[in-house]
Structure formats: C-alpha cells, structure tokens
Amino acid sequence: MLSFDFTNKIALVTGGNGGIGSAIAKLFLEASATVVCVDLKKPENPLENCHYFEADVSSFDSVENCISQVIEKFGKIDFLINNAGISRDSVVWKMSENDWNSVLDVNLKGAFNFIRQVSPHFKTSGFGKIVNVSSINGMRGKFGLANYSASKAGLIGLTKTVAKELGKFNVNVNAVAPGIVGTNLVKKLPENILAKALTETVLNRFAEPEDVAKAILFLCSDFARHITGEVIKVDGGQYI
Numbered sequence: 306m307l308s309f310d311f312t313n314k315i316a317l318v319t320g321g322n323g324g325i326g327s328a329i330a331k332l333f334l335e336a337s338a339t340v341v342c343v344d345l346k347k348p349e350n351p352l353e354n355c356h357y358f359e360a361d362v363s364s365f366d367s368v369e370n371c372i373s374q375v376i377e378k379f380g381k382i383d384f385l386i387n388n389a390g391i392s393r394d395s396v397v398w399k400m401s402e403n404d405w406n407s408v409l410d411v412n413l414k415g416a417f418n419f420i421r422q423v424s425p426h427f428k429t430s431g432f433g434k435i436v437n438v439s440s441i442n443g444m445r446g447k448f449g450l451a452n453y454s455a456s457k458a459g460l461i462g463l464t465k466t467v468a469k470e471l472g473k474f475n476v477n478v479n480a481v482a483p484g485i486v487g488t489n490l491v492k493k494l495p496e497n498i499l500a501k502a503l504t505e506t507v508l509n510r511f512a513e514p515e516d517v518a519k520a521i522l523f524l525c526s527d528f529a530r531h532i533t534g535e536v537i538k539v540d541g542g543q544y545i
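Heads up: the sequence shown at position 120 corresponds to 425 in this note's numbering, and the numbers run straight through without jumps.
(1) Quick one: what does DSSP say Ser-274 is sitting in, helix, strand or coil?
(2) Just checking, does the stretch 533-544 make contact with the stretch 512-524 on the three C-beta pairs under 8 angstroms criterion?
(3) Around the C-beta of Val-368, are 16 or more other C-beta atoms found within 10 angstroms, so that it is buried, or is it exposed?
(4) Does the beta-carbon distance from Ala-468 to Val-478 come in below 7 angstroms?
(5) Terminal residues of the continuous alpha helix (DSSP H) containing Phe-511?
(6) Rounded to whole angstroms, what's the CA-CA distance from Val-340 to Thr-466? Just pull it up for me.
(7) At the level of alpha carbons, what is the spacing between Arg-421 and Gly-324?
(8) Can you tell me the Cα-Cα spacing of Phe-427 and Thr-506, whole angstroms?
(9) Quick check: the Cα distance between Leu-463 and Phe-419, rounded to an integer number of angstroms?
(10) Please report the straight-line C-alpha distance between Leu-471 and Gly-534, rounded to a whole angstrom.
(11) For Trp-405, which option in Pro-425, Gly-487, Ile-435, Leu-450 has the closest C-alpha, if you only look at C-alpha atoms?
(12) Count the other CB atoms within 10 Å of the CB of Leu-522; is the residue buried (16 or more) or exposed (fewer)?
(13) Please name the residue or residues paired with His-356 in a DSSP beta bridge.
(14) Given Ser-456, which residues of its chain have a CB within under 6 angstroms of its CB, disregarding the five upstream and five downstream residues?
(15) By how many angstroms is the C-alpha of Gly-321 removed from the C-alpha of Leu-334?
(16) Leaving out five residues on either side along the sequence, give the residues of the same chain with a beta carbon under 8 angstroms from the beta carbon of Ile-441.
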C-alpha cells in the first residue's frame with residue numbers, strides 16, 4: 306500500500322489558508338511532517354500542530370524575512386510547496402494594469418521569491434523537493450483568464466528551468482496542474498458555469514482539494530525520487 310512517512314521533514318506551504326493549501330497541510334501533518342503554512346494573515350481557525358507565518362509572497366523582502374525566521378526556528382526546510390495564487394478575471398481588452406500585475410506578482414513572482422530564498426539551503430543540504438501548483442489553464446487558452454493563464458504557464462517554465470539548475474544538488478522540482486477543484490469558493494460559482502466545467506471532465510466529477518494534495522505528497526516522497534521537471538495534471542481528464 307502506498308503510504309507516506311515524512312517524520313523529521315519540514316514542509317513549507319504557501320497560501321496555506323485556502324482550500325487546497327489547508328488540504329496539503331493536513332495531509333503532510335497526517336504523514337508526520339512538521340508543517341509551516343505561509344499566508345498574508347494567520348487563519349481564524351488554524352490547524353492543530355501547524356505552524357503559521359505571515360508574509361506577502363509578492364514581496365522579495367517579506368519572503369526573505371519569512372524564510373530566515375523559518376530556518377531560525379526549525380533549522381531547515383525539506384519541501385517547498387508554492388501554492389499561493391489569486392485570480393482577477395477579465396477579458397484582455399478590459400483588464401487593468403493592476404489586475405495583470407497583481408496576479409503575476411502573486412502567482413509567478415511569489416513562487417520565484419520562495420525558490421530564490423530556499424534554493425541556497427537546498428544546495429547546502431543536498432536535498433530538497435519543490436512542487437509548484439500550476440493549472441491546466443497554464444497549458445491551454447481560457448477565455449477571460451489572460452493574466453491567470455500567463456502566470457500558470459510561467460510557473461511551468463519556471464519549474465522546468467529550476468529542475469535543470471538544481472538537479473545536480475539532489476533537488477527535485479515538479480508541478481501539478483489541477484483542473485477545476487471543488488473548493489468552497491468554486492462551489493459558489495453559478496450553476497451553469499459548474500455544469501459546463503463538469504462536462505469537460507471524463508470522470509464526471511470535480512477534483513477535491515485532497516486529490517491535489519495527494520499528488521503533491523507523492524512528488525515529495527521517495528516513490529517519486531527519479532521524477533523531476535514534470536507537470537502532473539490532476540483534472541479528471543478535463544484537459545484531454
């Protein structure tokens with residue numbers, strides 16, 4: 306039976322307060338990892354035994370300070386999960402500069418900021434796992450999501466490049482690309498939008514946050530030790 310044991314491992318999850326982020330944190334906790342969640346603010350209902358740090362992922366200085374605090378407290382980081390993400394949907398001819406910049410700053414620059422600060426520690430330790438949460442909409446066009454799709458496509462390029470740069474230091478770098486995920490936020494979308502998205506899947510169901518989390522834990526496990534530079538779709542066949 307496939308199982309994970311991350312005893313004595315430190316997992317850092319950005320965007321840890323959201324539906325997918327909290328699911329990732331829960332599964333890492335169940336696998337005996339020490340879990341650090343990073344978000345703009347600490348949640349009102351924190352997970353038991355989860356350690357929370359506040360940071361603006363889009364700020365180089367804020368992330369640098371955050372990583373310094375985490376290293377000071379725990380001595381190392383083993384797994385970096387770049388999950389933080391936002392959307393500001395609009396057709397391109399109506400999209401504001403701020404909407405473009407804010408999405409790229411969080412979704413793409415945010416991942417770079419954390420990789421930039423964590424990679425020297427991975428190089429020194431000779432071990433590390435990075436998983437970036439992209440999207441199938443970074444692999445295809447999607448009406449009204451120019452900024453979001455561009456940011457998620459950028460994450461895929463970042464993943465493959467960093468995999469090449471850090472591979473010789475025994476660091477695996479991969480991405481997951483979810484389709485539509487049944488978070489509380491998604492479930493509030495209009496019924497017609499949900500119905501249309503459901504018809505795209507071949508499994509006739511949406512992913513749950515735990516489905517994405519399980520793929521991420523797999524990529525951090527020894528079962529995936531020879532996988533790097535890959536993008537694993539978690540979409541129920543939505544991209545086919």
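Where is the CB? At the ideal position from N, CA and C, for every residue including glycine.
Considering the structure as presented:
(1) The question about residue 274 has no answer here: the residues shown for the chain are numbered 306 through 545.
(2) Touching, yes.
(3) Along the sequence shown, read from residue 1 onward, the residue named residue 368 stands at position 63. Counting C-beta atoms within 10 angstroms of its own C-beta, Val-368 has 16 or more neighbours from the protein chains shown and is therefore classed as buried.
(4) Against the sequence shown, residue 468 aligns to sequence position 163. Against the sequence shown, residue 478 aligns to sequence position 173. Yes.
(5) Taking the sequence shown and counting its residues from 1, one reaches residue 511 at position 206. No alpha helix (DSSP H) holds Phe-511; DSSP gives it neither H nor E.
(6) Working through the sequence shown from its first residue, we reach residue 340 at position 35. Working through the sequence shown from its first residue, we reach residue 466 at position 161. Spanning the alpha carbons of Val-340 and Thr-466 requires a straight line of approximately 26 angstroms.
(7) For the purposes of this step, residue 421 is taken as the residue at position 116 of the sequence shown. For the purposes of this step, residue 324 is taken as the residue at position 19 of the sequence shown. Arg-421 and Gly-324 have their C-alpha atoms some 26 angstroms from each other.
(8) For the purposes of this step, residue 427 is taken as the residue at position 122 of the sequence shown. For the purposes of this step, residue 506 is taken as the residue at position 201 of the sequence shown. So the alpha carbons of these two residues sit roughly 38 angstroms apart.
(9) Position 158 of the sequence shown, counting from 1, holds the residue named residue 463. Position 114 of the sequence shown, counting from 1, holds the residue named residue 419. Near 12 angstroms, if we compare the C-alpha coordinates of Phe-419 and Leu-463.
(10) For the purposes of this step, residue 471 is taken as the residue at position 166 of the sequence shown. For the purposes of this step, residue 534 is taken as the residue at position 229 of the sequence shown. If I take the Cα positions, the gap works out to 10 angstroms.
(11) As a working note, residue 405 is residue 100 in the sequence shown. Per the C-alpha coordinates, the member of Pro-425, Gly-487, Ile-435, Leu-450 positioned closest to Trp-405 is Leu-450.
(12) In the sequence shown, residue 522 corresponds to position 217, counting from 1. So Leu-522 counts as buried.
(13) The count along the sequence shown starts at 1 and reaches residue 356 at position 51. According to DSSP, residue pairing for His-356 in a beta bridge involves Val-341.
(14) As a position in the sequence shown, residue 456 is number 151, starting the count at 1. Excluding residues within five positions, the ones whose Cβ falls inside 6 angstroms are Val-408, Leu-409, Asn-412, Leu-413.
(15) To locate residue 334, count along the sequence shown from 1; it is residue 29. To locate residue 321, count along the sequence shown from 1; it is residue 16. The straight-line gap separating the alpha-carbon atoms of Leu-334 and Gly-321 is approximately 13 angstroms.
(16) Within the sequence shown, numbered from 1, the residue matching residue 441 stands at position 136. If we look at Ile-441 and ignore the five residues flanking it on each side, its Cβ neighbours are Ala-482, Pro-483, Gly-484, Lys-538, Asp-540, Gln-543, Tyr-544.
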